[in-house]
Amino acid sequence: MPECLGAAGLGKLGSSFGGPASSPAPPLGIFPELHDNVNLAKDPNVRVDMVHMELLHHYITSTSLYPLGYEVMKEITMAIGLQEPYVMHSVLALSAHHISVTRPEQRPAYRNLAIQLQTRALSLFNSVDMGLLGDSVQKRVPIFIFSSVVGFHALCDMLTHRDCDFQHAFARFLAYLRLHRGIGTVMAGYWDKLQATELGVLEVIMPRMFELDAEGWECDDIREKFASLGLEDEEVEAAQRAIEMVQWVFDARPKAESRAYVLCAWVPMLLEPFVEMLEEGRPEALAVLAYYFLAMHYCRDVWMLGEAGQHLLTLLAGHFRGGEWRVQT
86 MPECLGAAGL GKLGSSFGGP ASSPAPPLGI FPELHDNVNL AKDPNVRVDM VHMELLHHYI
146 TSTSLYPLGY EVMKEITMAI GLQEPYVMHS VLALSAHHIS VTRPEQRPAY RNLAIQLQTR
206 ALSLFNSVDM GLLGDSVQKR VPIFIFSSVV GFHALCDMLT HRDCDFQHAF ARFLAYLRLH
266 RGIGTVMAGY WDKLQATELG VLEVIMPRMF ELDAEGWECD DIREKFASLG LEDEEVEAAQ
326 RAIEMVQWVF DARPKAESRA YVLCAWVPML LEPFVEMLEE GRPEALAVLA YYFLAMHYCR
386 DVWMLGEAGQ HLLTLLAGHF RGGEWRVQT
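Mind the numbering: the sequence shown is residues 86 to 414 in this note's numbering, read in order.
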């Protein structure tokens with residue numbers, strides 16, 4: 086079973102990325118200078134070469150890498166990346182992962198490079214002295230950017246795997262959840278204050294991306310089911326919030342990329358009582374997860390999703406094997 090990342094605060098995030106630490110890296114092929122004698126996670130002095138320049142160029146010029154390629158945020162990310170090496174490494178890692186998916190003939194080399202770069206990014210981030218942040222919201226801007234990039238990459242990485250049973254797939258999902266939410270804990274109490282930084286532009290950009298009304302019907306069954314379960318009020322509230330955000334995916338318009346953007350934001354926006362229900366593997370929480378996987382399938386035309394939603398939903402249906410929480414696939 087995949088190694089799960091620590092959930093307590095920031096901890097030491099991600100000793101590896103993309104699988105257990107014991108898993109051998111795939112052959113590097115076209116990157117001989119990055120073979121076994123060079124480890125980006127341990128050697129801070131690895132030289133920058135033309136491969137890294139290709140990754141940076143790909144990140145800047147690609148129009149499909151993000152579900153929504155809004156240029157303003159790209160510019161902010163680049164500016165922050167030039168100041169903070171852990172942000173730049175995460176950007177290059179995401180770029181390498183995108184290439185590994187969109188160029189199947191070069192997948193092993195770029196996937197290995199993505200793992201190495203992301204491991205290095207997490208190592209650099211773990212070395213940051215959080216005590217130096219004080220109460221400064223401006224000093225947390227790089228962490229917000231890093232959380233967004235790493236969280237998106239972790240989701241993409243999780244979706245590339247085709248586990249044979251639900252327990253392995255669910256453990257991988259929980260590892261992604263803990264990583265994405267773990268970095269975000271540094272932002273607790275500061276989200277609203279980000280409007281006073283360069284990230285205030287999000288207040289202008291976000292309404293243009295999609296309309297959120299949660300007025301559709303796709304999640305009516307699970308919404309009504311939760312209302313009648315007799316759970317604690319905070320659990321019901323948290324679950325209904327999770328369901329509402331899945332409904333946003335079905336409602337968001339005008340195109341699949343807009344829906345996928347909401348999908349990628351689902352995990353960091355979950356309320357803690359529902360996260361605890363997921364971590365406990367409670368069937369009612371897994372039923373909501375089934376709708377999330379269905380929403381993934383709804384966005385299957387987006388590059389990082391493909392058939393992942395259908396695969397995960399099929400595994401979950403097999404896990405339930407009928408009964409009160411059976412899933413129709």
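Backbone N, C-alpha and C define an ideal beta-carbon position, used for all residues, glycine too.
DSSP on T148, reduced to helix/strand/coil?
Coil, per DSSP.
Beta-carbon gap between H396 and R188 smaller than 8 Å:
For H396 and R188, no; Cβs fall outside 8 Å.
Give the range of the alpha helix (DSSP H) segment to which G403 is assigned.
Start and end: 393-405.
Can you list, in chain order, the residues of its chain with a C-beta nearer than 7 Å to that of R257? Leave out the 5 residues immediately preceding and following it.
Excluding positions up to five away in sequence, the list reads P87, M243, H246, D248.
Suppose you measure from the CA of F378 to the CA of L390; what does that come to, to the nearest Å?
Distance from the CA of F378 to the CA of L390, rounded to the nearest whole angstrom, comes to 10 Å.
Take A206 as the anchor and find which of Q223, A260, I228, D220 has the nearest alpha-carbon.
That would be I228, whose Cα lies nearest to the Cα of A206.
From the DSSP output, in three-state form, read off A337 for me.
Coil, per DSSP.
Out of L141, A178, Y171, point me to the one whose CA is closest to E160's CA.
Measuring C-alpha to C-alpha distances from E160 to each of L141, A178, Y171 identifies L141 as the nearest.
Tell me the residue span of the alpha helix (DSSP H) that contains Q252.
Residues 251-269.
Straight-line gap, L113 to D306 (C-alpha atoms, nearest Å):
Residue placement at L113 is poorly supported in this model, since its pLDDT is 29, which falls under 50; the coordinates still yield a value, given next. Rounded to whole angstroms, the separation of the alpha carbons of D306 and L113 is 48 Å.
Report yes or no: do three or more beta-carbon pairs, one from the region 202-216 and one from the region 356-369, lie closer than 8 Å?
By the Cβ rule, the region 202-216 does not count as touching the region 356-369, because fewer than three pairs are nearer than 8 Å.
Can at least three beta-carbon pairs, one atom from the region 306-317 and one from the region 259-270, be found at a separation below 8 Å?
Because the criterion of three Cβ pairs below 8 Å is not met, the region 306-317 and the region 259-270 do not touch.
My output table needs one value for C384: the three-state DSSP class, helix, strand or coil.
Of the three classes helix, strand and coil, the one that applies to C384 here is coil, per DSSP.
Roughly how many angstroms lie between the CA atoms of N122 and M173, to the nearest whole one?
With a pLDDT of only 37 at N122, under the threshold of 50, the placement of this residue in the model should not be trusted; the figure read from the coordinates follows. When rounded, the distance between both Cα atoms is 23 Å.
Give the DSSP-derived three-state secondary structure of G166 in the structure shown.
Of the three classes helix, strand and coil, the one that applies to G166 here is helix, per DSSP.
Backbone CA spacing between Y151 and A370 [nearest angstrom]
Cα atoms of Y151 and A370: separation of roughly 28 Å, rounded to the nearest angstrom.
How should D386 be labelled, buried or exposed, when 16 other C-beta atoms within 10 angstroms of its C-beta is the threshold for buried?
Burial state of D386 is exposed, judged by a 10 Å Cβ sphere holding fewer than 16 other Cβ atoms.
Does V133 pass the burial test, meaning 16 or more other C-beta atoms within 10 Å, or should it be called exposed?
Within 10 angstroms of the beta-carbon of V133 lie fewer than 16 other beta-carbons, which makes it exposed.
Could you have a look at M135 and say whether DSSP puts it in helix, strand or coil?
Helix, per DSSP.
Can you tell me which of A350, V352, R308 puts its alpha carbon nearest to the alpha carbon of G372?
Gly is not the amino acid found at residue 372; the sequence shown has Ala there. Of A350, V352, R308, the residue nearest in Cα terms is R308.
Does the distance from the C-beta atom of W302 to that of M330 stay below 8 Å?
With a cutoff of 8 Å on beta-carbon distance, W302 and M330 are scored as not near each other.
Using 8 Å as the threshold, is the region 271-288 in touch with the region 218-234, meaning 3 or more CB pairs across them?
Yes, since at least three Cβ pairs between the region 271-288 and the region 218-234 fall closer than 8 Å, the two stretches touch.
Verify whether the separation of the beta carbon atoms of L167 and H238 is less than 8 Å.
The Cβ atoms of L167 and H238 do not sit closer than 8 Å to each other.
Exposed or buried, M135, counting other C-beta atoms within 10 Å across all chains shown (16 or more means buried)?
Exposed, since its Cβ has fewer than 16 Cβ neighbours within 10 Å.
Cβ-Cβ distance between M215 and V157 below 8 Å:
Between M215 and V157, the CB-CB gap reaches or exceeds 8 Å.
Reduced DSSP secondary structure (H/G/I, E/B, other) of V213:
Here V213 sits in coil by DSSP.
Local Cβ density within 10 Å of G403, reported as buried at 16 or more and exposed below that:
By the neighbour-count rule (16 or more Cβ atoms within 10 Å), G403 is not buried but exposed.
Please check the pair R344 and Y376, which I expect to be a contact at CB under 8 Å, by giving their CB distance rounded to whole angstroms.
Not confirmed; about 13 Å, so no contact.
What is the residue span of the alpha helix (DSSP H) that R415 lies within?
The structure shown has nothing for residue 415, since the chain only spans 86 to 414.
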